[in-house]
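*Asks:* Encoded as structure tokens, here's the structure I'll be asking about.
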Amino acid sequence: MVARRGRVIVVGALLAFSAGWLVIGLFHVWSAPIGGWLPLPAMCLIAAYTCGQVTRRRDLPAPTRRFWGWLAIACLDMTAAVLSNAWDALGSGIPSQRISPLTVALYLAANCQVMWALLRLPSWQRSRADWIRFSLDSGIVLISTGLALWHFSLRRMELWSSHTGSALSIFAIVVVASVSMITFVKAAFGDGGRIDRRALHLLSISTAVSAASGASAPLLIAHQPYLSATLLAVPIAVFGVELAAFWQLGAVAQPLATPARTRRSSLSPYLAIAGIDALLVGSTLHRGAENELIATGVVVISALVVARQVAALVDNGRLLRTVDANLTQLRDYQRQLDHQVTHDALTGIANRARFEQRITERLADGDGFHVALLDLDDFKEVNDRLGHGVGDDLLKAVSRRLCEHVRDGDLVARLGGDEFALLLAAPSGADADTLLIRMAAAVHRPLLIEGHDLLPRISLGVTCSQAGDTPGELLRRADVAMYAAKTAGGGRRASFDPVMDRIADGEARLGSDLRQAVTRGELFLLYQPIVELPSGALAGVEALVRWQHPEHGLISPDVFIPLAEHNGTIVAIGRWILEQVFAQVKAWQLDLGPRTPGTTSVNISARQLREPGFVAEVAALLAENDLDPALLTVEVTETAVFGTGAALDAVRQLHALGLRVALDDFGTGQSSLSLLVSAPVDVLKVDKSFVDGVTLASTQAVIVEGLIGITEGLRIQAVAEGVKTAEQAERLHQIGYRYAQGFHFARPMTAGDVALLLERTPAGHC
Ligand code: C2E
Ligand code: MG
Ligand code: MG
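Residue numbers (the numbering used here): 92 to 857.
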């Protein structure tokens, strides 16, 4: 950069030297005229070198490098021309302004190279109106410069020829003038994206000035044979080339702007008119009052016409700017609309329409890909419990985390609610799996929103595209797989398997059977004892529902309760269970008197709790059976209560009615200890998965031990679930547990068996 600038300064200094030499030479006779010629070849060589440097910049487009290559060659040619010119002027020993045909040929060759370089530059596509306007402008400029050239130079051709020894030099000057015209054309219409526009303008100006000085200098120096027009014309042109090349080198440091279509109005015709007016005034001066008056009138009228034209241009400009601004605004609005139609407003990622459109495109391409459907586990609970603001932030965070892992060709979309979809460009299942594992891990990272610690989890179903697929079918398969992942406990992923379709069909059939199970009397209840430790005395029972299916035999509640929750039959089934249990307790009271189980627990699902009027129904049943509410315990899961404000309210109201509340399967859901404070919990049922490890040196054992401390502190009764061995029972007792339930003590049994058992054993109290 420093060297480049240094070269420009050197060439500029040499130009100043040449101009000074010429001016001083007008009044002083140079004894060693060679001094004026010395800088010229040096300047030409420096300019050739700088142009050559531009050609070596690989980051420039080929036409640009070619253009500067031709200019470098022209500068070398110019070096030969000035040396030949100097020999013509000084070779004979007597200084003269003679120009040999060889010199003229060399100058012409250099000019032809420049013309060729300019003509080869690509031009922008212009409209017909552009061309007409440009032709008119060029016509004005050409006629004006032609007249000036004729006035100042050509009409004195004889004088000139006598000095230079030939009329060829005039021809050379005409060529130089044409070069400047072509440069002007290119500057106005040239490809600004390829040649730096400033450089092109400078080239235009310097060739024009060089031509003008070359044309007029002979008249000034007619009587100074030790001077030459070349001494000014060549340095001006070469300095222009050097500076233009310097600018071009600087412009490549940043990417060149893409040529924008702009509305430019050129000043050139007005300058040309002003010039010709000046010429007119000059040539009519002292030619009689009439001539001067007419000339003044012409000048004034042309000035007025120009002023009128400029006013119209300003007006047009303003109008066009308004139109441009409006067009841009209309375009921006269209872009916004397009974005809204294809993107999700909350997260900003693609929406269902965009996703299905992309699937259609990918299917048409024929390349294999994967589609995954993601559903946030327990999102409804977060929304209901912590508010929609937190829910929205959670969705945004999840979408951001998913997008972190998206590669070229993949797409993340939000289909609605808490459902996201992924299009994975991976044709192989292993690749898709690796990516999904990474995405799920990213989503599962803890998250802090508005002071709430959240642990987002997603269930994920994935399927691979097949020939003949439609977007709907692909999403259906991914949905079936996702549902399988959800029912397997959530927080996991499942790949679609045709078996899932059969299971889904089977579930659909089972679901419809379930609707009639109550009316057909296929459901019945068993009761599992809850015992005191260490005596094993019966402290209470838990009612557990069973389904005797006419075809499939006995079906576990683990299978049909989630199904009943899914299709809503849980409401009717739950009502039937409550009626049965309440009636049974009443019957035990009547039959067994004081031996009636201390408490009878009944499981209540989240869906039941959210059902409007549920508490009133329980209250009505209590009244109907004339039961003491203290004899009944409602078992609710952590997730159900954590879930919704409505469920928590129902639990509070049940507690207010006098029923006891047990938190079931503790440790498998949210496991939020704050729940023990916010919900009115009387009993904590520690899940069997923890009890399983109580006799081992396991983390489960640590938790089981820790929980007893907490329940004691909060005056909550702890019940250990799923006790299968005497060792477990003993260990639980050692830790501090006083109540337990499990196959070790008794399996679920009929109400009659409970009565028999109670008749055999002393009554306990729970
Ligand atoms: P739960 O409420 O935790 O019920 C205890 C489950 O553990 C029962 O399974 C019981 O048979 C089983 N169990 C008890 N001791 C042991 C043991 O030592 N080892 C093992 N492996 N299991 C033991 P069940 O009856 O199959 O019920 C499963 C779940 O279905 C229940 O878990 C409860 O969540 C739900 N459920 C059962 N009956 C009802 C009902 O009437 N209404 C509702 N909403 N859900 C019910
Ligand atoms: Mg239970
Ligand atoms: Mg349980």
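Just so it is clear, CB atoms sit at the ideal spot from N, CA and C, and this is done for glycine as well.
Below 7 Å CB to CB, which residues in the same chain sit around residue 796 once its five sequence neighbours on both sides are set aside?
*Replies:* Indexing the sequence shown from 1 puts residue 796 at position 705. 826.
*Asks:* For the candidate residues 337, 231, 465 and 288, whose alpha-carbon lies nearest to that of residue 570?
*Replies:* Taking the first residue of the sequence shown as 1, we reach residue 570 at position 479. Measuring from the Cα of residue 570, the nearest candidate turns out to be 465.
*Asks:* At which residues does the alpha helix (DSSP H) containing residue 128 begin and terminate?
*Replies:* Stepping through the sequence shown from its first residue, residue 128 is reached at position 37. Where residue 128 is concerned, the enclosing alpha helix (DSSP H) stretches over 125 to 128.
*Asks:* Less than 7 Å between the CB of residue 815 and some heavy atom of ligand 3, yes or no?
*Replies:* Translated into positions along the sequence shown, residue 815 becomes position 724. Result no, Cβ not under 7 Å from ligand 3.
*Asks:* Assuming contact is defined by CB atoms lying nearer than 8 Å, are residue 776 and residue 798 in contact in what I supplied?
*Replies:* For the purposes of this step, residue 776 is identified with residue 685 of the sequence shown, where counting begins at 1. For the purposes of this step, residue 798 is identified with residue 707 of the sequence shown, where counting begins at 1. No, they are not a contact pair.
*Asks:* Quick check: residue 695 and residue 609, are their CB atoms within less than 8 Å of each other?
*Replies:* For this step, residue 695 is matched to residue 604 along the sequence shown. For this step, residue 609 is matched to residue 518 along the sequence shown. Not in contact: residue 695 and residue 609 (Cβ atoms no closer than 8 Å).
*Asks:* Out of 127, 137 and 130, state which residue places its alpha-carbon closest to the alpha-carbon of residue 99.
*Replies:* As a first step, residue 99 is located in the sequence shown; it is residue number 8 there, counting from the start. Answer by Cα proximity: 137.
*Asks:* Going by DSSP, name the residue or residues bridged to residue 584.
*Replies:* Your numbering for residue 584 matches position 493 in the sequence shown. Paired residue(s): 551.
*Asks:* Shortest alpha-carbon distance to residue 113 belongs to which of 523, 314 and 714?
*Replies:* Translated into the one-based positions of the sequence shown, residue 113 becomes position 22. Selected option, being the one with the closest Cα: 314.
*Asks:* Alpha carbon to alpha carbon, how far is residue 788 from residue 794?
*Replies:* The count along the sequence shown starts at 1 and reaches residue 788 at position 697. The count along the sequence shown starts at 1 and reaches residue 794 at position 703. Those two C-alpha atoms are separated by around 11 Å.
*Asks:* Please specify which runs of the alpha helix (DSSP H), each continuous and at least 4 residues long, are wholly inside the segment 584 to 613, giving them in chain order.
*Replies:* If we require 4 residues or more, the alpha helix (DSSP H) runs fully inside the segment 584 to 613 come out as 589 to 608.
*Asks:* Can you check which of these residues, 182, 196 and 191, is closest to residue 169 by C-alpha distance?
*Replies:* By 1-based counting over the sequence shown, the position of residue 169 is 78. Out of 182, 196 and 191, 196 has the C-alpha closest to the C-alpha of residue 169.
*Asks:* When you measure from the CB of residue 726 to every non-hydrogen atom of ligand 2, does any distance come out below 7 Å?
*Replies:* Within the sequence shown, numbered from 1, the residue matching residue 726 stands at position 635. Answer for residue 726: yes, Cβ within range of ligand 2.
*Asks:* To which residues does DSSP link residue 776 through a beta bridge?
*Replies:* Sequence index remark: in the sequence shown, residue 776 carries index 685 (1-based). For residue 776, which the question treats as bridged, DSSP gives the partners 810.
*Asks:* Determine the extent of the alpha helix (DSSP H) in which residue 824 is found, giving its start and end residues.
*Replies:* By 1-based counting over the sequence shown, the position of residue 824 is 733. Per DSSP, residue 824 belongs to the alpha helix (DSSP H) from 817 to 826.
*Asks:* For residue 638, write down the residues that DSSP places opposite it in a beta bridge.
*Replies:* Taking the first residue of the sequence shown as 1, we reach residue 638 at position 547. Residue 638 pairs with 614 and 646.
*Asks:* Assign residue 438 to one of two classes, buried (16 or more other C-beta atoms within 10 Å of its C-beta) or exposed (fewer than that).
*Replies:* Numbered from its first residue, the sequence shown carries residue 438 at position 347. The residue in question, residue 438, is buried, as its Cβ has 16 or more Cβ neighbours within 10 Å.
*Asks:* For the putative contact between residue 517 and residue 460, defined by C-beta atoms under 8 Å, what is the C-beta separation to the nearest angstrom?
*Replies:* Taking the first residue of the sequence shown as 1, we reach residue 517 at position 426. Taking the first residue of the sequence shown as 1, we reach residue 460 at position 369. Confirmed, about 7 Å.
*Asks:* Buried or exposed: which applies to residue 757, given that a residue is buried once 16 or more other Cβ atoms fall within 10 Å of its Cβ?
*Replies:* Working through the sequence shown from its first residue, we reach residue 757 at position 666. With 16 or more other Cβ atoms within 10 Å, it is buried.
*Asks:* Relative to ligand 2, is the shortest distance from any of its heavy atoms to the C-beta of residue 633 smaller than 7 Å?
*Replies:* For the purposes of this step, residue 633 is taken as the residue at position 542 of the sequence shown. Indeed, a heavy atom of ligand 2 lies less than 7 Å from the Cβ.
*Asks:* Determine the DSSP secondary structure at residue 510, reduced to helix, strand or coil.
*Replies:* One-based indexing of the sequence shown puts residue 510 at position 419. Residue 510: strand per DSSP, three-state reduction.
*Asks:* Work out the CA separation of residue 235 and residue 391 for me, nearest whole Å.
*Replies:* Residue mapping note: residue 391 aligns to position 300 of the sequence shown, counting from 1. Residue mapping note: residue 235 aligns to position 144 of the sequence shown, counting from 1. If you take the alpha carbons of residue 391 and residue 235, they lie about 17 Å apart.
*Asks:* Does any heavy atom of ligand 3 sit closer than 7 Å to the C-beta of residue 812?
*Replies:* The count along the sequence shown starts at 1 and reaches residue 812 at position 721. Checking every heavy atom of ligand 3 against the Cβ of residue 812, one is found closer than 7 Å.
*Asks:* For residue 622, collect the residues of the same chain with a Cβ closer than 8 Å to its Cβ; drop the 5 residues on either side in sequence, then sort them by chain order.
*Replies:* Counting from one through the sequence shown, the residue named residue 622 turns up at place 531. Excluding residues within five positions, the ones whose Cβ falls inside 8 Å are 628, 629, 630, 830, 831, 832, 836, 837 and 855.
*Asks:* Quick one: what's residue 620 bridged to in DSSP?
*Replies:* Taking the sequence shown and counting its residues from 1, the one referred to as residue 620 is at position 529. 632.
*Asks:* Look at the alpha carbon of residue 790 and the alpha carbon of residue 784, and state the distance between them as a whole number of angstroms.
*Replies:* On the sequence shown, residue 790 is found 699 positions in, with the first residue counted as 1. On the sequence shown, residue 784 is found 693 positions in, with the first residue counted as 1. Going by the C-alpha atoms only, they are around 8 Å apart.
*Asks:* Who does residue 691 pair with in a DSSP beta bridge?
*Replies:* As a position in the sequence shown, residue 691 is number 600, starting the count at 1. Partner(s): 632 and 723.
*Asks:* Going by Cα to Cα distance, which pick from 487, 513, 509 and 488 is closest to residue 499?
*Replies:* Numbered from its first residue, the sequence shown carries residue 499 at position 408. It is 513 whose Cα lies nearest to the Cα of residue 499.
*Asks:* Report the partner residues of residue 757 according to the DSSP bridge assignment.
*Replies:* Here residue 757 is taken as the residue at index 666 of the sequence shown, counted from 1. According to DSSP, residue 757 bridges with 777.
*Asks:* Among the residues of its own chain, which have a CB less than 7 Å from the CB of residue 815, if the five just before and after it don't count?
*Replies:* Position 724 of the sequence shown holds residue 815. Correct list, in chain order: 833, 834 and 835.
*Asks:* For the alpha helix (DSSP H) that residue 793 lies in, which residues bound it at each end?
*Replies:* As a position in the sequence shown, residue 793 is number 702, starting the count at 1. Residues 790 to 805.
*Asks:* Would you kindly work out how many angstroms separate the C-alpha atoms of residue 110 and residue 326, rounded to a whole number?
*Replies:* Here residue 110 refers to the residue found at position 19 when the sequence shown is read from its first residue. Here residue 326 refers to the residue found at position 235 when the sequence shown is read from its first residue. One C-alpha to the other measures close to 8 Å.
*Asks:* The alpha helix (DSSP H) that contains residue 524, what's its start and end?
*Replies:* Your numbering for residue 524 matches position 433 in the sequence shown. Note, residue 524: alpha helix (DSSP H), 520 to 534.
*Asks:* For the alpha helix (DSSP H) holding residue 543, just list the boundary residues, first then last.
*Replies:* Along the sequence shown, read from residue 1 onward, the residue named residue 543 stands at position 452. No alpha helix (DSSP H) contains residue 543, which is instead part of the beta strand (DSSP E) from 543 to 545.
*Asks:* Here's the rule I'm using: 16 or more other beta-carbon atoms within 10 Å means buried, otherwise exposed. How should residue 561 be labelled?
*Replies:* Counting from one through the sequence shown, the residue named residue 561 turns up at place 470. Residue 561 is exposed by the Cβ-count criterion.
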